[in-house]
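Student:
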Amino acid sequence: MPTDHPRRLDVLEDLGSSYSVLFQITGALHYLEKASQLSQEVVDHTLQNHPERVPRLLDAGIDHMDIYSNIGDATHLELALEEFSKALDAAKDNHPRLHTCNSSLAIAFRYRFFKDGNMLDLDAAIRHFEQAINLVTLDHHKRVRWIQDVGACYVERFRKTQDIADFSRAIERAEESLETAKDDLLARSRGYSILGSSYGLKAEQTGAMQDLELSIQMSHRALVITPPDSPNRARYLHILGACHGTKYGRLGIPKDLDICIERYREALDNTPHDSSDRGLRLCSLGGAYLDRYQRFKSWEDLHDAIEGLEEAIQTTITPSDHPDRARRIHSLGIACQERYLGTGKTTDFVIAVHHLKDVLKLTPADDCNRPARFDTLGSIHHAHYKICGETADLIKARDYYQEALQITPRDHSDEKHRLGGLATCYHDLFLSAGSFTDIDLAIDKYRKALELTPRDSPMGWFRLHNLGMAYRDRYRKNKNAEDLEAAIQHYQAGLDHPTAFAADRLKSGQDLLIIYADTNSWASGYEIAWKTLSFVPLITPHALRNSDKQALLVSIVGLSSIAASVALMANKSVFDTISLLELGRGIIIGSLHEMQTDVLELRQGHSKLAEEYIELQEKLHGPSALTTFDERYKAGQQYEKLLREIRDLPGFSEFLLFPAQDDIKAAAASGPIVVINVSAYRCDALLIEQHQLRALPLPDLCLEDIKDHATKLTSLSTDTLEWLWDTVTRPVLEALGLDQSPGDSWPRIWWIPTGPLTSFPLHAAGNYDDDILETVLDRVVSSYSSSLKEIINSQRRNKTRDVPIGPKKVVLVGIEETPGQSRLEFASQEVEQIAKLCKFSQFHISMPKNQREDVLAQVNGCDIFHFAGHGMSNLSNPLKSSLLLSDGSLTVSRLLETDLRIQRPFLAYLSACGTGQVKQRRLEDEGIHLISACQVAGFQHAIGSLWEVNDESCVHIAKSTYEWIIKHNLSNDSVSEGLHHACRKLRNEWMSKNSLDAKRSRKPGVKLGDIDPPYSIQDVLPSINRPRDARDILYCGHSPLLWVPYVHYGV
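Numbering (this note's numbering), first residue to last: 113 to 1163.
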């Protein structure tokens, strides 16, 4: 068609429309680009006064907007704005498309605002939407849409400026749209959504509960009336999740956080990977995971939070010029800070600071979020000071907090956070330099922060607890009774705070208990002890992995022992004292032992509940336990609900709870149980006998002496054994009437030491002077347990265990050569000796490959598992203590996953170093080691060692022990008796050899074992002359007490 044809532009216009339709049908971008080229050509050749110029300019602008929406090329957004502006300029006051010119410009300006964050664009969008609305009649088909568009713009401006006028306009416009669109569900859902967003933002600013409830109510209405396949559904899910997240932050109710995460996840699942909203959805979900981590301390949640936030800030999702980039990096910086608090690694600190400083650079000086950015930088530097002690970090933190407070508007909801952060710095400056000016400033700002904090906010606990600490610390300096009373009042309020996290309330109670103990307020302390320890199970829910529980429990080490001492000082019963003590010890092991709970009685009357109990235990703790925290969290909630249901049944009110007093006494039917409680306030032996419970004070035992002797255990001398005898075991045995050597029938005793005493060989205590031989070994057969509850549960399980018929299966593993370790020349000899004994008794013997899965496969279904090789105690993480195999290690955590409950094998004999050792002192009350792991897995008895053992002596001990066990037909008593007699035999050989030498060499008054130079292993076993013979990396080569480390666990 000739270029001057009068209908050429009409034809080009129609052709462009056809290409637009093809694009809508096929999605092929080249059709849209062709349509844009044609519409632009039409505009370029349309005269200024042509009647079709305005609609043609609008069409060209719309094509550019479509291209921008599909490929994100900002050039087309600018071209669209240019065309829409020309159209508005060309339209006269009475032009029929004037409203469309304004609405099109408004949409384009709003797009550019979301791209660049320029508030002038948002203002322009609002202005043009309002003009478009005013130009149309009330029944115009697009009026409702524009009303909602301008309402959404007011919401965004309110988010940025926090001007309450914008909130009011947003509410007004949203309600107007709902009134107008009574029959349009799509419009109504959008109107409700705008209301939900508006009230939610206002609630974030003011914390008003009315606004919070309205935000949830409106957002829920929007979601309910939205079809499942609606493209708006993801946005409404996200808004509802945000509302519940705000409510959780306000009240701390876990259910709101659960809903928040669930809605965020649904929203993300319904968001296409190429959607511009994906970054927002990732950031929100990451923030919610971070909130849950801060509550439950599941490392998995923190990992998921950081992973999601890192994805959100990728430039493909959030470009470098994206207006929301700073907020998303800020969230990532906070998550990295939490990781630093968990690991203490400098690299995590550096990463967090890097992100947070980047955020500050990206935040304009007039941005309402700038105070929060300074506040977070103060927080990370304060955390670094707490970990590393660098005063420069504390000064930086104070300065950042001060800047954040100065630029935070008065009466803003975040003012209390700024005050609280600054107060912590002045508090630490006082602790560092001792200036009363600093502590006075800290208390003043803590008080102001508390005044601004709603009483039902979880943050109220922080204000109360920090004030309690500040008054306590000032009291320690000035001894002012008013400060002490203020500290007590604020700690008490923190302990009683209804919406605070369980871990936080426990901390307040812990500090308050110590204040009462230090001031001899025993009755008050006793009440606080019970309330405080009741929170221990709540901070370690079943959903948490053992490693996460372990990280939490280090903060309460020794708490239960202090509580028990306070109970005794308050003249409470021994039963109450033991109940308190057991409530705060062995949490991880105790929860795992619940797997072995016999549900036979429950199954008889309530089979469905019994099966559900077993199924949930498997999901939480079994070999095929659920892997994600989300799954475990839901299973944990179901488990807690099930326990409540079972305990409501007649006869099951005490299901899995602490045993009754009569049950405790009955547990001592085979011999007394002795719990040794140690604390800085007093030390006692809690004696459990069939007919009574009583407390025996141990006045000569003190915590400092225990810690001093603990440093000498690796080079143990008879001095320590004599000290144990004088301070602990002799008074106990005499009180129990076990003051003479028995005849043929040996009495039994069970030791349950606490605190640092758990590392000591109570069974070997004694006076080893050859003239006066008084020892535990010569009076009783000793066994150990990590808790009283475990003894009782083991007794119950043994009563219901079916004795297997047929030959016993024995799994023998002996490893001389272990990669990276010294050679053990006697390990194979030990296994051969045991094999001979077992073959003579017609036991079935299995010797698997020295590989983890082969060993575990053979252990499943065995009666006895014997391991002779290297063991390793992990200094920082007891769950990683292990038996070393040729392909790696068999760790405590892996053993804990092994389920041998059905067959309940008889004995696990771990002839390796440190299998009963906990080197991490902050977890000594948990009793997590290889021996206890075997018991949790299902073994009735376990033999191991408290520390390093000698290679050749292991052969003698094992051979003698098995001879006794086999001779007595694998009875329950035979294990402890066999080990006892084996140790006595080796001890007697040592006594015989050293007695003559001691008489020849020692001076009057010098006792056996004090000879200079000391006897070594080589003096006792001449064939051993190289350090490589110790079954560990460490070697105890200069101690002759080779019989001491071996211990028995079981009943």
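All C-beta atoms, glycine included, are put in the ideal place defined by N, C-alpha and C.
Values in this document were obtained by computation on a predicted structure and should not be read as measured data.
Based on Cα-Cα distance, which residue from Ala504, Asp478, Leu335 and Gly391 lies nearest to Ser443?
Tutor: Among Ala504, Asp478, Leu335 and Gly391, the Cα nearest to that of Ser443 belongs to Gly391.
Student: Report, in whole angstroms, the separation of the C-beta atoms of Leu833 and Gly867, which I expect to be a contact under 8 Å.
Tutor: Leu833 to Gly867, Cβ: 19 Å. No contact.
Student: Considering only residues of the stretch 376-422, which uninterrupted beta strand (DSSP E) runs meet the minimum length of 3 residues and lie entirely inside it, listed in chain order?
Tutor: You should have found no qualifying run.
Student: Under 8 Å, do Gln954 and Pro931 count as touching if we go by C-beta distance?
Tutor: No. Outside cutoff.
Student: Does Ser719 pass the burial test, meaning 16 or more other C-beta atoms within 10 Å, or should it be called exposed?
Tutor: Classification for Ser719: exposed.
Student: Check Phe486 in the structure and name its three-state DSSP category.
Tutor: In the structure shown, Phe486 sits in a helix (DSSP, three-state: H, G or I).
Student: Output the distance between the C-alpha atoms of Pro682 and Trp634, rounded to the nearest integer angstrom.
Tutor: In the sequence as presented, Pro is not what sits at residue 682; that position holds Ala. When rounded, the distance between both Cα atoms is 5 Å.
Student: Let me know if Arg842 comes out buried or exposed under the rule of 16 or more other beta-carbons within 10 Å of its beta-carbon.
Tutor: Buried, because 16 or more other Cβ atoms sit within 10 Å of the Cβ of Arg842.
Student: So Leu576 and His539 are in contact, right, with Cβ under 8 Å, and what is the actual spacing, rounded?
Tutor: Actually they are not in contact, since the Cβ atoms of Leu576 and His539 sit about 14 Å apart, beyond 8 Å.
Student: Can Tyr512 and Leu489 be called in contact, C-beta distance under 8 Å?
Tutor: Yes.
Student: Does Cys795 come out as helix, strand or coil in the three-state DSSP assignment?
Tutor: The answer is strand: DSSP assigns Cys795 an E or B state.
Student: Would you mind sorting Asp233 into buried or exposed? The rule is 16 or more other CB atoms within 10 Å of its CB.
Tutor: Result: buried.
Student: What does the alpha-carbon distance come out to for the pair Met330 and Ala354?
Tutor: Approximately 13 Å between the Cα atoms of the pair.
Student: Tell me the rounded alpha-carbon separation between Ser993 and Leu1007.
Tutor: Distance between the alpha carbons of Ser993 and Leu1007 is about 10 Å.
Student: Taking the continuous alpha helix (DSSP H) assigned at Asp817, which residues delimit it?
Tutor: Counting along the chain, the alpha helix (DSSP H) containing Asp817 begins and ends at Leu815 to Ala822.
Student: Using the DSSP secondary-structure output, state which residues sit across from Ala847 in a beta bridge.
Tutor: Answer is none; Ala847 lacks a bridge partner.
Student: Helix, strand or coil: which one does DSSP assign to Ile726?
Tutor: Reduced to three states, the DSSP call for Ile726 is helix.
Student: By the 10 Å Cβ neighbour count, where 16 or more other Cβ atoms means buried, how is Gly1056 classified, buried or exposed?
Tutor: Buried.
Student: Could you spell out where the beta strand (DSSP E) holding Phe979 opens and where it closes?
Tutor: Start and end: Ile976 to Ala980.
Student: How many whole angstroms separate the CB atoms of Leu874 and Trp863, which I take to be in contact at a CB cut-off of 8 Å?
Tutor: That belief holds up - the Cβ atoms of Leu874 and Trp863 are roughly 5 Å apart, short of 8 Å.
Student: Could you have a look at Lys921 and say whether DSSP puts it in helix, strand or coil?
Tutor: Strand at Lys921.
Student: Would you decide whether Gln802 is buried or exposed? Buried here means 16 or more other CB atoms lie within 10 Å of its CB.
Tutor: Exposed, by the Cβ-count rule.
Student: According to DSSP, simplified to helix, strand and coil, what is Glu288?
Tutor: Reduced to three states, the DSSP call for Glu288 is helix.
Student: Can you look up Asn789 in the DSSP assignment and give me helix, strand or coil?
Tutor: Strand, per DSSP.
Student: For the stretch 232-295, which segments carrying the alpha helix (DSSP H) assignment without a break, of at least 4 residues, lie completely within its bounds, in sequence order?
Tutor: With a minimum length of 4 residues, the continuous alpha helix (DSSP H) runs that stay inside the stretch 232-295 are 255-273 and 276-292.
Student: I need the DSSP call for Thr503, collapsed to helix, strand or coil.
Tutor: Thr503: helix per DSSP, three-state reduction.
Student: Assign Cys1095 to buried or exposed, taking buried as 16 or more other Cβ atoms, counted over all protein chains shown, within 10 Å of its Cβ.
Tutor: Per the 10 Å Cβ criterion, buried.
Student: Would Val892 and Leu836 be called neighbours here (beta carbons separated by less than 8 Å)?
Tutor: No.
Student: Just confirm the distance between the C-beta atoms of Leu562 and Leu579, as a whole number of angstroms; I'd bet it's less than 8 Å.
Tutor: The Cβ separation is near 6 Å, so the contact holds.
Student: How would you call Asp1164, buried or exposed, if buried means at least 16 neighbouring beta carbons within 10 angstroms?
Tutor: Residue 1164 is absent from the structure shown; the chain starts at 113 and stops at 1163.
Student: Would you decide whether His1160 is buried or exposed? Buried here means 16 or more other CB atoms lie within 10 Å of its CB.
Tutor: Buried, because 16 or more other Cβ atoms sit within 10 Å of the Cβ of His1160.
Student: Which residues bound the beta strand (DSSP E) around Trp634?
Tutor: Run containing Trp634: none in the beta strand (DSSP E); it sits in the alpha helix (DSSP H), Trp634 to Leu645.
Student: Tell me where the beta strand (DSSP E) around Gly572 begins and ends.
Tutor: First-last for Gly572: Met571 to Asn590, but that is the alpha helix (DSSP H), not the beta strand (DSSP E).
Student: Does DSSP put Ile1040 in a helix, a strand or coil?
Tutor: DSSP places Ile1040 in coil when its eight states are reduced to three.
Student: Using DSSP bridges, identify the partner residues of Asn1106.
Tutor: Beta-bridge pairing links Asn1106 to no other residue.
Student: Please determine, among Glu723, Asp523 and Leu474, the residue with the shortest C-alpha to C-alpha distance to Gln317.
Tutor: Minimum Cα distance to Gln317 is reached at Asp523.
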